[in-house]
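K.L.:
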Amino acid sequence: MNHGKIIPMSKRLIIGNWKMNPGTPEEAKKLVRKTKRAALGLVKTEIVVCPPFPFLTACVPRKKEANFKVGAQSVSAEEGVGARTGEVSATMVRAIGAEYAIVGHSEQRKVGESGNSDTDETVSKRLNAALNAGLVVILCVGEKARDENGTYLEELKNQIKNSLLNTPKKFASKIIIAYEPVWAIGAQEAMNSEQIYETSIFVRKIFADVFGADNGLKAKVLYGGAVNFRNAYEIMTVGKVDGLLVGRESVNAPGFVELIKAVDKITA
Ligand code: PEP
116 MNHGKIIPMS KRLIIGNWKM NPGTPEEAKK LVRKTKRAAL GLVKTEIVVC
166 PPFPFLTACV PRKKEANFKV GAQSVSAEEG VGARTGEVSA TMVRAIGAEY
216 AIVGHSEQRK VGESGNSDTD ETVSKRLNAA LNAGLVVILC VGEKARDENG
266 TYLEELKNQI KNSLLNTPKK FASKIIIAYE PVWAIGAQEA MNSEQIYETS
316 IFVRKIFADV FGADNGLKAK VLYGGAVNFR NAYEIMTVGK VDGLLVGRES
366 VNAPGFVELI KAVDKITA
């Protein structure tokens with residue numbers, strides 16, 4: 116029985132994926148300062164910013180900050196240290212005080228563009244390296260296109276299952292799924308909120324297939340793709356997701372601050 120013990124509600128999560136922005140450390144510091152200030156007053160929301168590697172250390176708070184954490188945009192599939200030119204390991208990321216890592220972002224999966232060309236197999240390796248280093252993982256999944264007969268659901272299912280194939284169940288609570296339809300990333304319009312709701316249920320079901328019903332129920336599912344301060348409220352309330360993965364709007368300080376406030380204001 117629960118003898119009046121208050122069970123803390125899990126917070127909404129907003130991830131700011133800065134991508135290859137901004138151009139200088141000064142701008143990064145300014146942006147992170149404004150974001151941290153907005154996070155201070157939040158009640159139901161937690162913010163994680165993911166700057167490019169060179170700015171990571173400058174963005175990690177020196178002392179614990181309310182509702183504010185930092186993550187990396189990717190980590191190497193290899194753990195620890197070693198002969199891996201150009202790579203940054205999850206252990207290094209954790210050692211400087213970052214707590215999260217995005218893995219499997221569609222811009223890293225895109226063949227020929229990032230130089231990484233991630234596959235489900237490399238995503239799985241990065242994910243396990245991040246978890247072993249003590250990071251919380253934001254696993255990005257999403258279909259390239261939608262079709263009438265639902266083959267996109269198969270694509271989504273395979274991405275999730277293959278990425279989690281070699282991950283022990285004990286890590287289930289350290290994995291957040293960011294559902295990002297590739298066609299909505301960088302687009303003018305986000306996905307329709309009813310569709311976000313339907314797809315998030317599907318994502319949760321696949322997570323439950325992998326890690327069990329209990330973990331499926333507890334799973335955090337975020338939406339990403341053309342989120343801004345105008346549509347964040349509707350996506351959260353109608354789409355019923357646990358949070359948002361935000362690209363462009365996260366490097367636009369006034370818009371990001373508005374977005375954060377709009378999400379924190381949601382009742383229930
Ligand atoms: C992203 O890159 O993860 C993303 C969601 O981008 P944007 O918000 O700019 O569409």
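Residue 116 is where the sequence shown starts when you use the numbering used here, and the numbers rise one by one after that.
For every residue, glycine included, the Cβ atom is placed at its ideal position computed from N, Cα and C.
This structure is a prediction, so every number in the text was calculated from the model and none was measured.
What did DSSP end up calling Asn132 once you bin it into helix, strand or coil?
P.N.:
Asn132 falls in the strand class under three-state DSSP.
K.L.:
Just how far apart, CA to CA, sit Lys403 and Gly340?
P.N.:
Because the chain is modelled from 116 through 383, residue 403 falls outside the range shown and cannot be assessed.
K.L.:
Is the closest heavy atom of the ligand NAP to the C-beta of Gly249 under 6 Å?
P.N.:
No copy of the ligand NAP appears in this structure; the ligands present are the ligand PEP.
K.L.:
Quick check: the stretch 297 to 315 against the stretch 272 to 279, are there 3 or more CB pairs under 8 Å?
P.N.:
No, they do not touch.
K.L.:
According to the neighbour-count rule (16 or more other Cβ atoms, all chains shown, within 10 Å of its Cβ), is Ser189 buried or exposed?
P.N.:
Ser189 is buried by the Cβ-count criterion.
K.L.:
What is the DSSP secondary structure of Glu161, counted as helix, strand or coil?
P.N.:
It is a strand residue.
K.L.:
Using a Cβ-Cβ cut-off of 8 Å (strictly less than) and excluding sequence neighbours within five positions of Asn117, which residues of its own chain qualify?
P.N.:
With a pLDDT of only 43 at Asn117, under the threshold of 50, the placement of this residue in the model should not be trusted; the figure read from the coordinates follows. Once the five neighbours on either side are set aside, Asn117 has no close Cβ partner at all.
K.L.:
Comparing the CB of Leu146 with every heavy atom of the ligand PEP, is any distance shorter than 6 Å?
P.N.:
Leu146: no, Cβ never under 6 Å from the ligand PEP.
K.L.:
Identify, in the order they occur along the chain, each residue of the same chain with its Cβ nearer than 8 Å to the Cβ of Pro283, setting aside the five sequence neighbours on each side.
P.N.:
There are no such residues.
K.L.:
Just to confirm before moving on: does the CB-CB distance between Leu250 and Ala216 stay below 7 Å?
P.N.:
It is a contact, given that the beta carbons lie within the stated cut-off.
K.L.:
Going along the chain, which unbroken runs of the beta strand (DSSP E) with 3 or more residues stay wholly within the stretch 314 to 379?
P.N.:
Runs found: 335 to 339, 358 to 361.
K.L.:
Report the option in Ile292, Ala153, Thr382 whose CA atom is closest to the CA atom of Lys320.
P.N.:
Closest by alpha carbon: Ile292.
K.L.:
State yes or no: is the C-beta of Ile300 nearer than 6 Å to some heavy atom of the ligand PEP?
P.N.:
Ile300: yes, Cβ under 6 Å from the ligand PEP.
K.L.:
Indicate the three-state DSSP secondary structure (helix, strand or coil) for Ile292 in the structure shown.
P.N.:
Correct three-state label for Ile292: strand.
K.L.:
Touching or not, the stretch 144 to 158 and the stretch 228 to 248, by the rule of three or more beta carbon pairs under 8 Å?
P.N.:
Verdict: no, contact absent.
K.L.:
Using only the heavy atoms of the ligand PEP, determine whether one of them is closer than 6 Å to the beta carbon of Leu359.
P.N.:
It does not: the Cβ of Leu359 is nowhere closer than 6 Å to a heavy atom of the ligand PEP.
K.L.:
Sort Gly131, Leu280, Lys126 by Cα distance to Val366 and report the nearest one.
P.N.:
When only C-alpha atoms are compared, the closest one is Gly131.
K.L.:
Specify the secondary structure class of Val297 as computed by DSSP and reduced to three states.
P.N.:
Val297 falls in the helix class under three-state DSSP.
K.L.:
Checking contacts by CB at 7 Å: is Ser191 closer than that to chain D?
P.N.:
The structure shown contains no chain D; it holds only a single protein chain.
K.L.:
Three-state secondary structure (DSSP) at Lys86?
P.N.:
Examination of residue 86 is not possible in this model, given that the chain is present from 116 through 383 alone.
K.L.:
Kindly confirm or deny that the stretch 348 to 365 and the stretch 322 to 331 touch, where touching means at least three C-beta pairs closer than 8 Å.
P.N.:
No, the stretch 348 to 365 does not touch the stretch 322 to 331.
K.L.:
May I ask which residues mark the beginning and end of the beta strand (DSSP E) holding Leu280?
P.N.:
No beta strand (DSSP E) holds Leu280; DSSP gives it neither H nor E.
K.L.:
Mind checking Leu359: buried by the 16 CB within 10 Å criterion, or exposed?
P.N.:
Result: buried.
K.L.:
Between the C-alpha atoms of Ile350 and Lys184, what's the straight-line distance to the nearest angstrom?
P.N.:
Ile350 and Lys184: Cα-Cα distance of roughly 23 Å.
K.L.:
Could you name the residues that DSSP lists as bridge partners for Ala154?
P.N.:
Its beta-bridge partners do not exist; DSSP assigns none.
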